[in-house]
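Number of protein chains: 2
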Amino acid sequence: MVSLPQDVTIKEVGPRDGLQNEKTLIDTEAKISLINQLSESGLSYIELTSFVHPKWIPQLKDAVEVAKGIDRKNDLTYAALVPNLKGLERAIEADVDEVSIFMSASETHNQKNINKSIDETYPVLQEVVDGAKQEGKSVRGYISTVFGCPYEGKIDVNQVMSVCDNLFSMGIDELSIGDTIGVANPVQVHNVLSSMKERFDQNHLALHFHDTRGMALANTYVALEHGFRTFDGSLGGLGGCPYAKGASGNVATDDLVHMLTEMGIETGVNLDKLTNTGLAIEKHLDKPLPSKQMELARRM
Amino acid sequence: MVSLPQDVTIKEVGPRDGLQNEKTLIDTEAKISLINQLSESGLSYIELTSFVHPKWIPQLKDAVEVAKGIDRKNDLTYAALVPNLKGLERAIEADVDEVSIFMSASETHNQKNINKSIDETYPVLQEVVDGAKQEGKSVRGYISTVFGCPYEGKIDVNQVMSVCDNLFSMGIDELSIGDTIGVANPVQVHNVLSSMKERFDQNHLALHFHDTRGMALANTYVALEHGFRTFDGSLGGLGGCPYAKGASGNVATDDLVHMLTEMGIETGVNLDKLTNTGLAIEKHLDKPLPSKQMELARRM
């Protein structure tokens, strides 16, 4: 017998990481409806939006309206991405439960993404973490380009570890390890996660895979073999890859839930409700959602 | 360290299993050009066509012309599917190196597929095996619906084993274990392959995964963990799923080669040559090839 976790937590990032990478602007009502439907699917965590300046991500300029407009469920954590204190103010106004901060493992990617070096970014993030904690919010960190960078290629695992160390030292509650451009392969995941487990408490680590090269579910399986129990997904593969237009981005929550369920791993998520939610939001997009479960759902 | 095989053999089934499931009829010249390009990509095995009666598969009615028209390379095995003695005659006329026979693990699927029960099929296959052997041809068996059947659902592993036993008793040289409708999950693959390894010599077993639910590469990884070293693929995912129009079928050879190469496993296959071959055949189809590597190649 393979020894895998009996249950897993899925964190839905579609309304944020997905929609911020969709060309089409979705109206506020459709976003609210999307999140309300996701809330009814059995998910325990939804990242609602991003409080980044609308100049950078116009797709999410209605962040406060969305967060205020949804029907909240008590057993669900509603999170949002926050880049700085200005964003934190809006996130607090919108009353999110958890604040997410982000940092790249790659110096060049961090610079291109937020126009700051990694070292210059830490103090900005520390302010956000401290401010969020003062308001009683939990904080999630994202570390991107862990398995490869569009500018630097492979990132040295020691460099990755050092950024992780610094993020945990800031007081974050969970760190999501991101394969931003979908280059991670199962052997690499095995190696990186082996190192991660040695240094950090596995219960505070999540995996954020992209399916750009079709390896997200294989990588997920390897992480399960290592006992990891928290995985990010985006409904239907919403979003695509920011570095390869037309290619897949975030692993689809529905494909993830399907595989886990088939393997006998409990997620608490109802797959039919997920794909029905996918069919609804798809009407607002310029192309069909790319996941396998959505391909099958459209034929029903 | 994970212990995986150092090298793997990829068997390209696109010109047969792929094209027989494409709606578009491809002309003979384009098929010959496809196979010649595949021959130049470093593959050591190509299944060229099927000598099934053209009434059943009009897509491959030019089987003899294709097999006779290609440029053969000495270090490559050219195979073809053969359902009966009439087909074997044509395969011998076309001078293929290896003959493939097929059988379903599911009684209902076998009945619907070839209008015979499993027991009625054995004598027909035995004639083909004997005839092929007399001509000095090696024989490959396919067993389909091993992990699930569109009519019967899950197939009992003892039923699968019994069909495998009978096929090996006929004198076949290799057996390809097929997930015909793409329902296998990694835990199931682990369990089935554990049983298979106990009963049969692993060196005579190949894996034939479909990617209908996105699990083909995860399943491949599990098979590699078990030491399996032969995998079937279809260029670009050519073919799609015969039981779910618009959904994915055979795992794409290019996605398979990409993952294996990235993990440091030798395939001998040049990925760029594969995707260029995909771009060429795609012009003859009514839709883009669905693989991830083709998605990326189209952007270059």
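Chains as they are written, first to last, in the numbering used here: chain A, 1 to 300; chain B, 1 to 300. Where is the CB? At the ideal position from N, CA and C, for every residue including glycine. Model, not experiment: these values are computed from the prediction.
Quick one: list the residues of chain B neighbouring Arg-199/A, beta-carbon separation under 7 Å, in chain order. In chain order: nothing, as chain B lies at least about 18 Å away.
Determine the contact status of Val-257/A and Leu-274/A, defining contact as a CB-CB distance below 8 Å. Their beta carbons are under 8 Å apart, which means Val-257/A touches Leu-274/A by this criterion.
Using the beta-carbon of each residue, which ones in chain B are nearer than 7 Å to His-109/A? By Cβ distance, chain B contributes nothing, its closest Cβ being about 19 Å from His-109/A, past 7 Å.
According to the neighbour-count rule (16 or more other Cβ atoms, all chains shown, within 10 Å of its Cβ), is Tyr-151/B buried or exposed? Label assigned to Tyr-151/B: exposed.
Is the CB-CB distance between Met-170/B and Leu-235/B below 8 Å? Taking C-beta atoms as the reference points, Met-170/B and Leu-235/B fail to come closer than 8 Å.
If you measure from the beta carbon of Glu-93/A to each beta carbon in chain B, is any gap under 8 Å? Output row for Glu-93/A: interface = no.
Does the distance from the C-beta atom of Ala-80/A to that of Glu-40/A stay below 8 Å? Not closer than 8 Å, so no.
Could you tell me the alpha carbon to alpha carbon distance between Ile-35/B and Pro-15/B, rounded to whole angstroms? In this model, Ile-35/B and Pro-15/B are separated by some 7 Å (Cα to Cα).
Interfacial residues, the stretch 142–174 of chain B to chain A, with Cβ spacing under 9 Å: Of all residues in the stretch 142–174 of chain B, none has a Cβ within less than 9 Å of some Cβ in chain A.
Nearest neighbour of Tyr-122/A, chosen from Lys-154/A, Phe-168/A, Arg-90/A and Lys-11/A [CA to CA]: Relative to Tyr-122/A, the option among Lys-154/A, Phe-168/A, Arg-90/A and Lys-11/A whose CA is nearest is Phe-168/A.
With H, G and I counted as helix, E and B as strand and the rest as coil, what does DSSP make of Thr-145/B? Correct three-state label for Thr-145/B: coil.
Step through the CB atoms of chain A and report whether any lies within less than 8 Å of the CB of Val-257/B. Answer no: the Cβ-Cβ gap between Val-257/B and chain A never drops below 8 Å.
For the candidate residues Leu-271/B, Leu-224/B and Asp-173/B, whose alpha-carbon lies nearest to that of Leu-296/B? In this structure, Leu-271/B is the residue among Leu-271/B, Leu-224/B and Asp-173/B with its C-alpha nearest to the C-alpha of Leu-296/B.
Is DSSP giving Tyr-243/B helix, strand or coil here? Tyr-243/B carries a coil assignment under DSSP once its states are collapsed to helix, strand and coil.
Could you tell me the boundaries of the alpha helix (DSSP H) in which Ser-162/B lies? Run containing Ser-162/B: 157–169, per the alpha helix (DSSP H) assignment.
Range of the contiguous alpha helix (DSSP H) that encloses Gly-87/A: Here the alpha helix (DSSP H) through Gly-87/A covers 85–93.
Going along chain B in order, which residues have a C-beta closer than 7 Å to the C-beta of Pro-186/A? Scanning chain B for C-beta atoms nearer than 7 Å to the C-beta of Pro-186/A yields Tyr-221 and Met-263, reported in chain order.
Check whether the Cβ atoms of Lys-68/A and Ala-94/A lie closer than 8 Å to each other. Yes, Cβ-Cβ distance for Lys-68/A and Ala-94/A is below 8 Å.
Cβ contact (3+ pairs, closer than 8 Å) linking the stretch 213–224 of chain A and the stretch 136–150 of chain B: Result no; under three Cβ-Cβ pairs closer than 8 Å.
Candidates Asn-219/B, Val-192/B and Val-2/B, of which the one nearest Gln-159/B by Cα: It is Val-192/B.
Identify the residues that DSSP records as bridge partners of Ser-176/A: which are they? BP columns for Ser-176/A point to Tyr-142/A and Ala-206/A.
CB Val-2/B to CB Thr-28/B, shorter than 8 Å? Between Val-2/B and Thr-28/B, the CB-CB gap reaches or exceeds 8 Å.
For a contact meaning CB atoms closer than 7 Å, what does Val-2/A contact in chain B? Those are Val-187 and His-190, listed as they occur along chain B.
Which word fits Pro-290/B, buried or exposed, when buried means at least 16 other C-beta atoms lie within 10 angstroms of its C-beta? Classification for Pro-290/B: buried.
Just reading off the alpha helix (DSSP H) that Asp-254/B is part of, what are its end residues? Counting along the chain, the unbroken alpha helix (DSSP H) around Asp-254/B starts and ends at 253–262.
With 8 Å as the C-beta to C-beta threshold (strictly closer), list the residues of the stretch 280–295 of chain B near chain A in chain order. Of all residues in the stretch 280–295 of chain B, only Ser-291, Lys-292, Gln-293 and Glu-295 come within less than 8 Å of chain A when Cβ atoms are compared, listed by chain position.
What does a CB cutoff of less than 6 Å around Ala-218/A pick up in its chain, not counting 5 residues either side in sequence? Only residues of its own chain outside the window of five on either side were considered, and among them Pro-186 have a CB closer than 6 Å to the CB of Ala-218/A, listed in chain order.
Tell me whether Glu-40/B sits in a helix, a strand or coil according to DSSP, three-state version. Coil at Glu-40/B, not helix or strand.
Hey, could you find the ends of the beta strand (DSSP E) Ile-118/A is sitting in? No beta strand (DSSP E) contains Ile-118/A, which is instead part of the alpha helix (DSSP H) from 118–134.
Within the continuous alpha helix (DSSP H) that includes Thr-108/B, where are the two ends? Unbroken alpha helix (DSSP H) run through Thr-108/B: 107–114.
Under a three-way DSSP split, which group does Ser-291/A fall into? Note: Ser-291/A maps to coil in three-state DSSP.
Write down the C-beta distance between Ala-105/B and Ile-155/B rounded to the nearest angstrom, noting that I regard them as a contact closer than 8 Å. About 5 Å separates the beta carbons of Ala-105/B and Ile-155/B, which is inside the 8 Å limit, making them a contact pair.
Whole-Å CB distance - Ser-319/A paired with Asn-110/A, under 8 Å assumed: In this structure chain A extends from 1 to 300, so residue 319/A is not present and cannot be described.
Interface residues of the stretch 236–250 of chain A facing chain B [CB-CB below 8 Å]: The residues in question are Ala-244, Lys-245, Gly-246, Ala-247 and Ser-248.
By the criterion of Cβ-Cβ separation under 9 Å, what are the contact partners of Arg-299/B in chain A? Residues of chain A passing the Cβ test: Ala-244, Lys-245, Gly-246 and Ala-247.
Since Arg-229/A meets chain B, which of its residues come closer than 9 Å, beta carbon to beta carbon? Residues of chain B passing the Cβ test: none, with the nearest at roughly 16 Å.
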